Amino acid sequence: MNHEQILVVLPHPDDEAFGASGTLAIHIYNGAKVTYACLTLGEMGRNMGVPPFANRVTLPAIRLEELKASCKAIGIQDLRLLGFHDKMIEFEEPQLLDGKISELLEELRPTLVVTFYPGYAVHPDHDATGAAVIRAVAAMPKKDRPIVHCMAFSKNTTEDIGHADVIVDVRGFLENKIASIRAHRSQFQAPELMGKNKLSDRELEDRFGRERFWTYRFND
Amino acid sequence: MELINKSDVEARIEALKNQDLYIHLEMTTGAYAAHFDSNKHPASIFITNTKIRFGHGAISGDGPYRIGLKMELGWIYTEGLTHYEQLDTERLIMAGHDGQGKLVVALQLSKQPF
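Below is the structure:
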């Protein structure tokens, strides 16, 4: 299915890179406009580069530049920074958080929303972001709701919610995906990505060639 | 100290909103961490009797618990809380104890200095 407008809602710069960058690049290639609402600047991250080139004070500005570079690599046309504080999403006032997401849904009228599956995304910010998106979409009239594709990777995922129902072959867009991952240079120093012990094309495809999503099923 | 009752702590956080409070916030790996395990990196912090005021706060998780307090210009955050002082209704005294009973983290709020 071709989507004209897609909304991506994730809490941290780099959350898009491993799980969704290839899929987004495909949608953009097929003509979609993608808006990426990134809730925080990942300013509480512990990775500062190896050797460290960032510090607690400079990290948010550095991660913002990395995020812009990642968006460019994927082709994302519209980046929105929602200005929430890293690690604090689960404590935010729900009206404030849900309100920001509802405003974006109202303004953009996306047909597809990409976020984390609440309860199955390991980091409290991931779970809280997914939960806010689900609440905001659930509050819409049923006929107006976009499809919601969620990323999930907690250990109990398949046991509880089954296998991903959307598996995207992104092997044709690995260049975009690897560039997106590499853009976050303060966060990922995997030697195979940074030029040492270069992986073969086959190894890259095995590791990064597929992205998995769970379509959220609303109760009503 | 008793095991944290989430809804009780939630109510106490709510009751301490929008007023000047003294905070004691602490985290420690223990000074012997590297002595027992050379891979460990001992570190600790505390800040005590500093005045704060928050307008919104919440407790999260299924235990150990996390708490976030939203101030006008920033946040106070604690992860790993397990116990609280149920009978002390004037102050909110909370701590996280590890499997050996040792204190790892503490968050205390009071209208009077500690």
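These protein sequences, in sequence, are chains S and C. The numbering used here numbers the first residue of the first sequence as 424 and each following residue consecutively. The numbering used here numbers the first residue of the second sequence as 53 and each following residue consecutively. Ideal Cβ positions, reconstructed from N, Cα and C, are used throughout, including at glycine. The structure displayed is predicted, hence computed values, not measured ones.
Three-way DSSP call (helix, strand, coil) for residue i in this model
| i | result |
| --- | --- |
| Glu131 (chain C) | strand |
| Arg479 (chain S) | coil |
| Ser577 (chain S) | coil |
| Ala460 (chain S) | strand |
| Arg386 (chain S) | Lying before the first or after the last residue shown, residue 386 (chain S) is absent from chain S, which here runs from 424 to 643. |
| His508 (chain S) | coil |
| Asp501 (chain S) | strand |
| Arg625 (chain S) | helix |
| Ala587 (chain S) | coil |
| Asp567 (chain S) | helix |
| Gly107 (chain C) | strand |
| Gln428 (chain S) | strand |
| Gly595 (chain S) | helix |
| Val545 (chain S) | coil |
| Gly151 (chain C) | coil |
| Thr446 (chain S) | helix |
| Val157 (chain C) | strand |
Nearest candidate by alpha-carbon position, reference residue i, set the options
| i | options | result |
| --- | --- | --- |
| Phe405 (chain S) | S:His572, S:Ala602, S:Lys621 | Examination of residue 405 (chain S) is not possible in this model, given that chain S is present from 424 through 643 alone. |
| Ala95 (chain C) | C:Leu161, C:Val61, C:Val157 | C:Val157 |
| Ala492 (chain S) | S:Gly632, S:Arg630, S:Arg605, S:Tyr639 | S:Arg605 |
| Ile119 (chain C) | C:Ile97, C:Met146, C:Ile104 | C:Met146 |
| Ile557 (chain S) | S:Gly585, S:Lys578, S:Lys523 | S:Lys523 |
| Tyr459 (chain S) | S:Leu447, S:His607, S:Gln612, S:Arg608 | S:Leu447 |
| Gly466 (chain S) | S:Glu489, S:Asn453, S:Val473 | In the sequence as presented, Gly is not what sits at residue 466 (chain S); that position holds Glu. Among S:Glu489, S:Asn453, S:Val473, the Cα nearest to that of Glu466 (chain S) is on S:Glu489. |
| Arg630 (chain S) | S:Phe476, S:Phe641, S:Lys600, S:Gln612 | S:Lys600 |
| Ala559 (chain S) | S:Phe611, S:Gln518, S:Ala477 | S:Gln518 |
| Thr81 (chain C) | C:Tyr74, C:Ser90, C:Leu73, C:Ile75 | C:Ser90 |
| Pro9 (chain C) | C:Thr100, C:Leu155, C:Glu78, C:Lys58 | As displayed, chain C neither begins before 53 nor continues past 166, which places residue 9 (chain C) out of reach and without an answer. |
| Thr552 (chain S) | S:Arg568, S:Lys565, S:Met574, S:Val591 | S:Met574 |
| Asp548 (chain S) | C:Ser112, C:His149, C:Lys163 | C:Ser112 |
| Met471 (chain S) | S:Asp437, S:Leu482, S:Phe596, S:Gln500 | S:Leu482 |
| Asp72 (chain C) | C:Asp150, C:Gly148, C:Trp127, C:Gly107 | C:Gly107 |
| Ser162 (chain C) | C:Leu55, C:Lys58, C:Ser59, C:His76 | C:His76 |
| Asp509 (chain S) | S:His546, S:Leu528, S:Phe576, S:Ser525 | S:His546 |
| Gln500 (chain S) | S:Val589, S:Gly442, S:Ile451 | S:Ile451 |
| Ile429 (chain S) | S:Glu529, S:Arg479, S:Gly542 | S:Glu529 |
| Lys578 (chain S) | S:Cys461, S:Ser444, S:Leu462, S:Gly542 | S:Gly542 |
| Leu155 (chain C) | C:Pro116, C:Lys58, C:Trp127 | C:Pro116 |
| Ser525 (chain S) | S:Val431, S:Lys495, S:Val591 | S:Val431 |
| Arg608 (chain S) | S:Ala544, S:Lys565, S:Tyr639, S:Gly468 | S:Gly468 |
| Ala440 (chain S) | S:Arg479, S:Met563, S:Arg633, S:Val480 | S:Arg633 |
Closer than 8 Å to chain C by CB, residue i
| i | result |
| --- | --- |
| Thr508 (chain S) | What sits at residue 508 (chain S) in the sequence shown is His, not Thr. At least one chain C Cβ lies under 8 Å of His508 (chain S). |
| Met563 (chain S) | no |
| Pro483 (chain S) | no |
| Pro541 (chain S) | no |
| Pro547 (chain S) | yes |
Chain S contact residues for residue i, given Cβ-Cβ distances below 8 Å
| i | result |
| --- | --- |
| Tyr117 (chain C) | Those do not exist, as Tyr117 (chain C) stays about 11 Å from chain S at its closest Cβ, beyond 8 Å. |
Per-residue contacts from residue i into chain C (C-beta, under 8 Å)
| i | result |
| --- | --- |
| Met511 (chain S) | Gly120, Lys122, Trp127, Tyr129 |
| Glu386 (chain S) | Because chain S is modelled from 424 through 643, residue 386 (chain S) falls outside the range shown and cannot be assessed. |
Test: residue i CB closer than 8 Å to a CB of chain S
| i | result |
| --- | --- |
| Ala110 (chain C) | yes |
Where residue i meets chain C, residues with beta-carbon distance less than 7 Å
| i | result |
| --- | --- |
| Glu427 (chain S) | Chain C residues near Glu427 (chain S): none, gap ~37 Å exceeds 7 Å. |
| Glu516 (chain S) | His108 |
Worksheet item: Any contact of the segment 127-140 of chain C with the segment 533-542 of chain S, i.e. 3+ C-beta pairs under 8 Å?
Response: no
Discussion item. Would the segment 578-589 of chain S count as touching the segment 66-83 of chain C if we require 3 or more Cβ pairs under 8 Å?
Written reply: no
Worksheet item: For the 8 Å Cβ check, are there 3 or more pairs between the segment 471-478 of chain S and the segment 498-513 of chain S?
Response: No, because fewer than three Cβ pairs between the segment 471-478 of chain S and the segment 498-513 of chain S fall closer than 8 Å, the two stretches do not touch.
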